[in-house]
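Asks:
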Amino acid sequence: AKAAGKDCAVWYEPELRQRQTERIRVVERLRHSLEREEFVVHYQPIVDLAGARTVAVEALVRWLPPGEAPVRPDLFIPAAEDSGLIVALGEWVLRRACAEAAAWHRAHGVTLTVNVSPRQLADDEFTAKVRRSLADTGLPAAALTLEITEGILVREGVPSAQARAHLEALRGDGVRIAVDDFGTGYSSLAYLRDLPIDVLKIDRSLMPADSDDTRQIALVRTVVDLARSLRLTTVAEGIETPFHAALLHELGCDRGQGYHYARPMPAADFAARQRPAEAA
Ligand code: C2E
Ligand code: CA
Ligand code: CA
Ligand code: CA
């Protein structure tokens, strides 16, 4: 058994080193792409479950390496986070999304929600950068929501003083704070206790398959009730079918997001989609 273990280690090491080398190469390419702005922001509508009207959009970044197909964020966000490049990338996304959404907000009252990495909240300048993006683009603070995940809860589920200070300062300006992917982590309840939040996004893994999925329905019902009792706005992710939309509305969830309504799309497509409403 010992011999096998040793063999295994010998076989494993070069593999690991190769993976690290690949990751470093990805980070170098990301840095280069960021200088050339080879990224684009796509937007996914968030609808009011009572009227199915688009009330907000979530900004979702895509990497566009020249001559290659667009790269999905799950494939490069982790490398950007490990390397710290997410701070500059996140700032670029925020600025671009505020600029594009400002016009939609003026014309249709649509608000913007942007993902924020824990690394961004560890940056001294984060509050100042958000304020500058809002001031430069004319998007009102009250039209912006920042989505955070459990990564900001370090050490026994306590958020860092730095992260909390940024969130409180921005919330004081009228920016709303959302907890993303609720129902996936271990510390999720600690958020609700320790952080100034306004919105709870229910992770799509909690979505029941159909009306026979009674356990899962009980779980989602409980999460919606919990959020409502804390007076949070609830957003259900992964609304893929009419059943999902009807169920979540019946359970009292405020908003929905998912393929049943629309996939993330380029800014021009979102603008074109909103135009008929303007004429009506
Ligand atoms: P997320 O914040 O949970 O975003 C929702 C993801 O679910 C998006 O994937 C979206 O395309 C997908 N989705 C939406 N509706 C449905 C549905 O009905 N069914 C299914 N199966 N999926 C649906 P996407 O765009 O690939 O983004 C993946 C993740 O990458 C995001 O998950 C977020 O954590 C991260 N991400 C994206 N953009 C940014 C960014 O600018 N900054 C940071 N820090 N993270 C980002
Ligand atoms: Ca999100
Ligand atoms: Ca999410
Ligand atoms: Ca997610």
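Residue numbering for the sequence shown follows the UniProt record's numbering, starting at 464 and increasing by one per position. Ideal Cβ positions, reconstructed from N, Cα and C, are used throughout, including at glycine.
#1: Check whether the region 699 to 717 touches the region 727 to 737, counting contact only when three or more Cβ pairs, one atom from each stretch, lie closer than 8 Å.
#2: Shorter than 7 Å, the distance from the beta carbon of D643 to the closest heavy atom of ligand 2, or not?
#3: Report the rounded CA-to-CA distance for L689 versus G715, giving the unit in angstroms.
#4: Report the rounded CA-to-CA distance for V490 versus H629, giving the unit in angstroms.
#5: Judging by CA-CA distance, which residue of L552, P659, E498, R667 is the nearest neighbour of V524?
#6: Please report the straight-line C-alpha distance between P603 and D661, rounded to a whole angstrom.
#7: At what residues does the alpha helix (DSSP H) containing I680 begin and finish?
#8: So who's on the other strand from H505, going by DSSP bridges?
#9: Please confirm whether any heavy atom of ligand 1 lies closer than 7 Å to the CB of P533.
#10: Going by CA-CA distance only, name the one from R558, E613, L538 that's closest to L493.
#11: Quick one: is S580 buried, meaning 16 or more other Cβ sit within 10 Å of its Cβ, or exposed?
#12: Short of 6 Å in beta carbon distance, which residues of its chain neighbour A466, apart from the five on each side in sequence? Order them along the chain.
#13: Go ahead and pull the three-state DSSP assignment for G547.
#14: Since P529 contacts E501 with CB under 8 Å, what's their CB separation in whole angstroms?
#15: The beta strand (DSSP E) spanning F645 covers which residue range?
#16: What's the C-alpha gap between A532 and W526?
#17: Could you give the DSSP three-state label for I665: helix, strand or coil?
#18: Should G468 be labelled buried (16 or more other beta-carbon atoms within 10 Å of its own) or exposed?
#19: Would you tell me roughly how many angstroms separate the C-alpha atoms of T517 and P508, rounded to the nearest one?
#20: Using a threshold of 8 Å, state whether the C-beta atoms of G719 and V504 are closer than that.
#21: With a CB to CB cut of under 8 Å and the five nearest residues on each side skipped, what residues in its chain are close to G637?
#22: Note the first and the last residue of the continuous alpha helix (DSSP H) segment covering A699.
#23: Mind checking whether Q625 and L584 have CB atoms under 8 Å apart?
#24: With DSSP as the reference, please indicate the residues paired to T576 in a beta bridge.
#25: Check the DSSP bridge columns for R718 and list the partner residues they point to.
#26: Kindly say whether R525, judged by its beta-carbon, lies nearer than 8 Å to any beta-carbon of chain D.
Replies: In brief:
#1: Under the Cβ criterion (8 Å, minimum of three pairs), the region 699 to 717 does not count as touching the region 727 to 737.
#2: Stepping through the sequence shown from its first residue, residue 643 is reached at position 180. For ligand 2, at least one heavy atom lies less than 7 Å from the Cβ of D643.
#3: Residue mapping note: residue 689 aligns to position 226 of the sequence shown, counting from 1. Residue mapping note: residue 715 aligns to position 252 of the sequence shown, counting from 1. Between L689 and G715, the C-alpha separation is close to 11 Å.
#4: Position 27 of the sequence shown, counting from 1, holds the residue named residue 490. Position 166 of the sequence shown, counting from 1, holds the residue named residue 629. Whole-angstrom Cα-Cα distance: 27 Å.
#5: The sequence position of residue 524 within the sequence shown is 61, counting from 1. It is L552 whose Cα lies nearest to the Cα of V524.
#6: By one-based count along the sequence shown, residue 603 stands at place 140. By one-based count along the sequence shown, residue 661 stands at place 198. Here the C-alpha atom of P603 lies approximately 17 Å from the C-alpha atom of D661.
#7: The count along the sequence shown starts at 1 and reaches residue 680 at position 217. Run containing I680: 677 to 692, per the alpha helix (DSSP H) assignment.
#8: Taking the first residue of the sequence shown as 1, we reach residue 505 at position 42. Paired residue(s): L523, P729.
#9: Residue 533 sits at position 70 when you count from the first residue of the sequence shown. False, no ligand heavy atom lies under 7 Å from that Cβ.
#10: Here residue 493 refers to the residue found at position 30 when the sequence shown is read from its first residue. Per the Cα distances, L538.
#11: Counted from its first residue, the sequence shown places residue 580 at position 117. Burial call: buried.
#12: Stepping through the sequence shown from its first residue, residue 466 is reached at position 3. Only weak support exists for where A466 lies, its pLDDT of 46 falling under 50; the value from the coordinates is given anyway. Nothing listed; no residue qualifies.
#13: As a position in the sequence shown, residue 547 is number 84, starting the count at 1. DSSP places G547 in coil when its eight states are reduced to three.
#14: Working through the sequence shown from its first residue, we reach residue 529 at position 66. Working through the sequence shown from its first residue, we reach residue 501 at position 38. Indeed, because the Cβ distance is near 6 Å, the residues count as touching under 8 Å.
#15: In the sequence shown, the residue the question calls residue 645 occupies position 182. F645 -> beta strand (DSSP E) spans 639 to 645.
#16: On the sequence shown, position 69 is the one that residue 532 refers to. On the sequence shown, position 63 is the one that residue 526 refers to. Between A532 and W526, the C-alpha separation is close to 9 Å.
#17: As a position in the sequence shown, residue 665 is number 202, starting the count at 1. Reduced to three states, the DSSP call for I665 is strand.
#18: Within the sequence shown, residue 468 is the residue found at index 5, counting from 1. With a pLDDT of only 47 at G468, under 50, the local geometry of the prediction cannot be trusted, and the value read off the model is given with reservation. G468 is exposed by the Cβ-count criterion.
#19: Here residue 517 refers to the residue found at position 54 of the sequence shown. Here residue 508 refers to the residue found at position 45 of the sequence shown. Cα-Cα distance, rounded: 6 Å.
#20: Taking the first residue of the sequence shown as 1, we reach residue 719 at position 256. Taking the first residue of the sequence shown as 1, we reach residue 504 at position 41. For G719 and V504, no; Cβs fall outside 8 Å.
#21: Residue mapping note: residue 637 aligns to position 174 of the sequence shown, counting from 1. P603, A604, A605.
#22: Sequence index remark: in the sequence shown, residue 699 carries index 236 (1-based). Here A699 belongs to no alpha helix (DSSP H); instead the beta strand (DSSP E) covers 696 to 700.
#23: Taking the first residue of the sequence shown as 1, we reach residue 625 at position 162. Taking the first residue of the sequence shown as 1, we reach residue 584 at position 121. A contact, by the Cβ cut-off of 8 Å.
#24: The residue labelled residue 576 in the question sits at position 113 within the sequence shown. Beta-bridge analysis with DSSP links T576 to E521, T608.
#25: Working through the sequence shown from its first residue, we reach residue 718 at position 255. Beta-bridge partners assigned by DSSP to R718: D511, V698.
#26: The chain labelled as chain D is not found in the depicted structure, where only one protein chain is given.
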